[in-house]
Amino acid sequence: MRRFFAPYRVLRVMPSAPHFFASAYVARLGTSMFGVAIVVMIATRYDSYALAGLVSFVGLISMAMGGPLVARAIDRFGQRRIALPAGLVVGCCLLALTVEAYAGVPGWVLLVTALGQAVAPNPSTLVRTRWTHLLPERPADLHVATSFEQAAEESCFVLGPALGAALASWLFPEAGVLVATTLFLVGLLGLLAHRVSEPPVHVSDEKHHVLGAFTAPGLLGLAVTLTLTGAVFGGMDVVVLAYAEDNGVKALGGALVGFFAAGSLVGGLLYGLVPVDGQIARRMTVWTFAMFALLAPVLWVPNIPVLAVNGFVAGLAIAPTLITAMTLCPRLVPTSQLNEGMTIVVTGLLIGVGVGSAAAGQVIESYGAHRAFLVPVAAAALAFVLALLSRSRLVAAERRALGAPVPVAR
């Protein structure tokens, strides 16, 4: 068993890894709590899930719009100089949102305050760029590190929402947001305090397009593919909860969602043990197809136990898809745009989660939970089709980055 997991020793032998990984994990756990904690807080204080969902949606869209701009500033001036003040601004906005909800201010005030999340730095991007900086000429070790990071992120997806909801339900409505904000700030400050692993600012004489990393060949297609991937597990979370309620086991809904995330966690850890060759762009097609093929049987699940097994099996392909994308992204953008490029991809993923959840909710209301499984399955199918259509472009862009000759079409 120790020999089987030998590739993960690289995480232990690097003296700086435990510190910045632990700090980033704490920050990500806080981030994963925000959505559910805000919804529960506002729904409880205002007795309105519509307002709660709208505030959460405004915060998500704000992050989607502002995230790439914050990342572009980080590329230009460094993580500490930008992420530190930006993180403090976000912390203040979230604390203000908590006070406002407790005081019962008008709903529009909550919406304005939620806009402050536009400057939120993304802990996942900050830590992934550190791995890329520390392992520039070691693609096999970078693959292992990226796999471990994705597995850690999956555990946050499992623990964060459950912890946020539990704190708000067991203590008081604002408890989830307060704890989430504290974890986010403590983790972010710990990560930024670790100067040894911080990537240096890469000054480039090359003039970049006004759209920045959006114009990097293949990046936009990769981001949209991850948007559809995000819609898969955003939709699955909502549909599984509704399916459990329809079958009279509402209390098991969280556990069923956990099976899906647990499958992704296991898939990520196992994928880290697979040797990585020179080029990985072709793997996007393989893993998006696997994601669709393993998820499709959920359309015919007859009962809760079968859904649990199917969810775990389907989850096995999620993390490898994300790991491949996160490993490929640094090869598509210049080093001077690395934070921006990775933030664009991660933002696409987050938007997909929101869109998938909203679409699934609409289908559930109109046609019931079982038919709503069509939403994540359709998203997985579209992700595969898009990966297939953009395959040649991704392969060509990766070959250029690796210095390999690009075949010329005749």
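Per the working numbering, the sequence shown runs over residues 11 to 420. Where is the CB? At the ideal position from N, CA and C, for every residue including glycine. Everything numeric in this text was worked out from a predicted model, so none of it was measured.
Please determine, among the options, the residue with the shortest C-alpha to C-alpha distance to residue i.
i, options, result
"I374", "L266, G231, V50, L251", "L251"
"V234", "C339, P312, P131", "C339"
"V65", "A47, P78, L79, A81", "A47"
"L230", "V242, L181, M352, L104", "M352"
"M43", "L188, L399, R91, A32", "L188"
"G321", "F394, A390, M246", "M246"
"L236", "L396, S274, I92", "L396"
"L275", "V311, A324, L262", "A324"
"P209", "L144, I92, A390", "L144"
"A370", "F394, I52, C103, F243", "F243"
"A181", "T54, L262, V343, A368", "A quick correction: the sequence has Leu, not Ala, at residue 181. The residue with the shortest Cα to Cα distance from L181 is T54."
"G273", "S402, T331, V259, T108", "T331"
"A106", "R91, T123, P95", "T123"
"A6", "A406, P312, M51", "In this structure the chain extends from 11 to 420, so residue 6 is not present and cannot be described."
"W118", "P95, C103, L61", "L61"
"T41", "V115, K260, L104", "L104"
"Y56", "G170, Q372, A111, L279", "A111"
"A406", "L279, A390, L342", "L342"
"V311", "S376, V154, A382, K260", "A382"
"S179", "V49, V36, L360, P28", "V49"
"V154", "V284, P307, A32", "V284"
Which whole-angstrom value describes the C-beta separation of residue i and residue j, a residue pair presumed to lie in contact below a C-beta threshold of 8 Å?
i, j, result
"L305", "P183", "Contact flag wrong, Cβ pair sits at about 35 Å."
"A329", "Q160", "5 Å"
"H380", "Y253", "7 Å"
"C166", "R293", "In fact, because the Cβ distance is near 24 Å, the residues do not count as touching under 8 Å."
"G97", "L195", "6 Å"
"A241", "G362", "4 Å"
"L193", "L404", "Contact doesn't hold; Cβ gap of about 36 Å is too wide."
"A162", "G174", "18 Å between Cβ atoms; not a contact."
"L384", "L262", "Not a contact, Cβ separation roughly 22 Å."
"M336", "T108", "Rounded, the Cβ-Cβ distance is 32 Å, inconsistent with contact."
"A368", "L198", "In fact, because the Cβ distance is near 29 Å, the residues do not count as touching under 8 Å."
"E4", "R91", "The shown model of the chain, from 11 to 420, leaves out residue 4, and the question about it has no answer."
Skipping 5 residues on each side, what residues in its chain have a beta carbon closer than 7 Å to that of residue i?
i, result
"N257", "I314"
"F30", "V137, R140, L201, H204, S207"
"A128", "S72, M73, M75, G76"
"A327", "G277, W297, A300, M301, L304"
"V356", "N132, S134, T135"
"V99", "G126, V129"
"A318", "L266, F269"
"P116", "none"
"S58", "none"
Between which two residues does the alpha helix (DSSP H) holding residue i run?
i, result
"D247", "229–256"
"S134", "133–144"
"V284", "Neither: V284 is in no alpha helix (DSSP H) and is coded neither H nor E."
"A393", "384–399"
"V119", "117–124"
"I333", "328–342"
"R91", "89–113"
"V187", "185–203"
"I314", "314–325"
"R293", "293–305"
Leaving out five residues before and five after residue i in sequence, what residues of the same chain have Cβ atoms less than 6 Å from its Cβ?
i, result
"G45", "S66"
"L221", "With a pLDDT of 49 at L221, under the threshold of 50, the modelled position of this residue cannot be trusted, and the question is left open."
"V267", "D247, V250"
"G364", "L70"
"A34", "P133, V137, L201"
"A393", "T235, L238, T239, T298"
"P171", "V46"
"L6", "Examination of residue 6 is not possible in this model, given that the chain is present from 11 through 420 alone."
"C102", "none"
"L399", "none"
"L279", "A161"
"P307", "N320"
"A390", "V242, M301, F302, L305"
Cutting at 8 Å between CB atoms, please list the residues of its own chain near residue i, excluding the five before and the five after it.
i, result
"A388", "none"
"L121", "L64, V65, V68"
"R401", "A291, R292, M294, T295"
"T334", "I290, R293, M294, W297"
"A259", "Here the sequence assigns Val to residue 259, which means Ala is not the residue at that position. The residues are I314."
Is there at least one non-hydrogen atom of the ligand SAM closer than 7 Å to the beta-carbon of residue i?
i, result
"A265", "What this structure holds is no ligand at all, so the ligand SAM is not there to describe."
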